[in-house]
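Our numbering numbers the first residue of the sequence shown as -16 and each following residue consecutively. Cβ coordinates follow ideal geometry from the N, Cα and C atoms, glycine included. Predicted model, so just to flag it, every value in this text is computed and none were measured.
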Amino acid sequence: MNDKELYQQKKQTQLNEWKTGMIQFRTQAFAARTHLQLELNKHVKLLEGKLEEGKIRLAELVKMTGSSFESAKKNFEIMWDSIIIAFADTATKFKSLS
């Protein structure tokens, strides 16, 4: 496996882990009392959007080659950091609201 394939595999694994966590959040939101469900569902939907964006951007990134890959990788990492923050924020909200 080359560096690009390893990078893709690592990021795909993280996306899959986050998706599993998001499913757990959704389950908790469903089980919550009605007034909490709206708040929790809002956070789940935001996270779903971020994860979908990450999936799309990763697919675009791995199609690139050479210097365009390296340049796009830097922008991808910025977007990736925003997913990390969104996931952590969602986890915090679930802990505080549940």
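Determine the DSSP secondary structure at residue i, reduced to helix, strand or coil.
i	result
Thr(-4)	helix
Met(-16)	coil
Once the 5 residues before and after residue i are set aside, which same chain residues still bring their CB inside 7 Å of it?
i	result
Lys38	Leu(-2)
Ala42	none
Which same chain residues, not among the five before or five after residue i, have their C-beta less than 6 Å away from its C-beta?
i	result
Met5	Leu30
Under 8 Å Cβ to Cβ from residue i, same chain only, skipping five residues before and after it: list those, please.
i	result
Phe8	Leu23, His26, Val27, Leu30, Thr73, Ala74 and Phe77
Ser65	Lys33
Check whether the Cβ of residue i sits closer than 6 Å to any heavy atom of the ligand SAH, and report yes or no.
i	result
Glu53	Although the ligand SAH was asked about, the structure shown includes no ligands whatsoever.
Residue ranges of each alpha helix (DSSP H) run of no fewer than 4 residues wholly in the region 15 to 51, ordered along the chain? DSSP runs (the alpha helix (DSSP H)) wholly in the region 15 to 51: 17 to 46.
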